[in-house]
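Colleague: Pasting a structure here, questions to come.
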């Protein structure tokens, strides 16, 4: 019995990406060059990184549909992402990149069959296998990790993250009902 397939993957990725887009919208463009600490990406670079990184998973598991990651040139793929990050972009361009690349990746995820998601792929060090499903979850986890960093940066910039604002509004409504 399959309870989480391609359609669900696409839907859940869209939710993750929409939350990232909301953060990108909430941070003022003049803060896109903000670097939170030495040797970190700027806000704009991090958002661009988030936008383009899923292409790595699509390349490995879609275009090439590799059955082993042993010997795969991860550095070449990572260098392509790094090159995209380094291109100067406006806030509007980054938002469009987040939207278009996110939707493209979600549409691809929706095409994945249970059989494909269940395929076992040899991990890079050759020590074992992981299902494509487990490896593709990494794209979502990767974005959520960087989104957590962005939420902390929002706090540093004096912005209350949207998910916190929404949670506070729900709590206030519950308190109002409770005291009524």
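Residue numbers (our numbering): 130 to 309. Where a beta carbon is used, it is the ideal one built from N, C-alpha and C, also for glycine.
With a Cβ-Cβ cutoff of 8 Å, do residue 114 and residue 156 count as a contact?
Modeller: For the chain, the structure presents residues 130 to 309; residue 114 sits outside this window and is missing.
Colleague: Rounded to whole angstroms, what's the CA-CA distance from residue 130 to residue 243? Just pull it up for me.
Modeller: Bear in mind that the predicted position of residue 130 carries a pLDDT of just 44, short of 50, making it too unreliable to give a figure here.
Colleague: Looking at C-alpha atoms only, which residue of 298, 201, 182 is the closest neighbour of residue 146?
Modeller: Checking every option, the nearest Cα to that of residue 146 belongs to 182.
Colleague: Enumerate, from N- to C-terminal direction, the unbroken alpha helix (DSSP H) stretches of 4 or more residues contained entirely within the region 210 to 250.
Modeller: Listed in chain order, they are 220 to 239, 243 to 247.
Colleague: Taking residue 144 as the reference, which of 220, 299, 231, 253 has the closest Cα?
Modeller: Of 220, 299, 231, 253, the residue nearest in Cα terms is 231.
Colleague: Thinking C-alpha only, which one of 262, 236, 179 is nearest residue 140?
Modeller: Nearest option by C-alpha distance: 236.
Colleague: Tell me which residues share the same chain as residue 162 and place their Cβ nearer than 8 Å to its Cβ, disregarding the 5 neighbours each side in the sequence.
Modeller: Correct list, in chain order: 171, 172, 173.
Colleague: Go ahead and label residue 180 buried or exposed: buried means 16 or more other beta carbons lie within 10 angstroms of its beta carbon, across all protein chains shown.
Modeller: Buried, by the Cβ-count rule.
Colleague: Determine which residues share a DSSP beta bridge with residue 260 and list them.
Modeller: DSSP lists 249 as partners of residue 260.
Colleague: Mind checking who residue 197 pairs with in its DSSP beta bridge?
Modeller: Answer is 251.
Colleague: Sorted by chain position, which residues of the same chain lie with C-beta nearer than 8 Å to residue 238's C-beta, five sequence neighbours on each side aside?
Modeller: Contacts found: 135, 138, 139, 142, 265.
Colleague: Which residue marks the beginning of the alpha helix (DSSP H) containing residue 178, and which one marks its end?
Modeller: 172 to 181 is the span of the alpha helix (DSSP H), which, as asked, contains residue 178.
Colleague: With H, G and I counted as helix, E and B as strand and the rest as coil, what does DSSP make of residue 275?
Modeller: Helix at residue 275.
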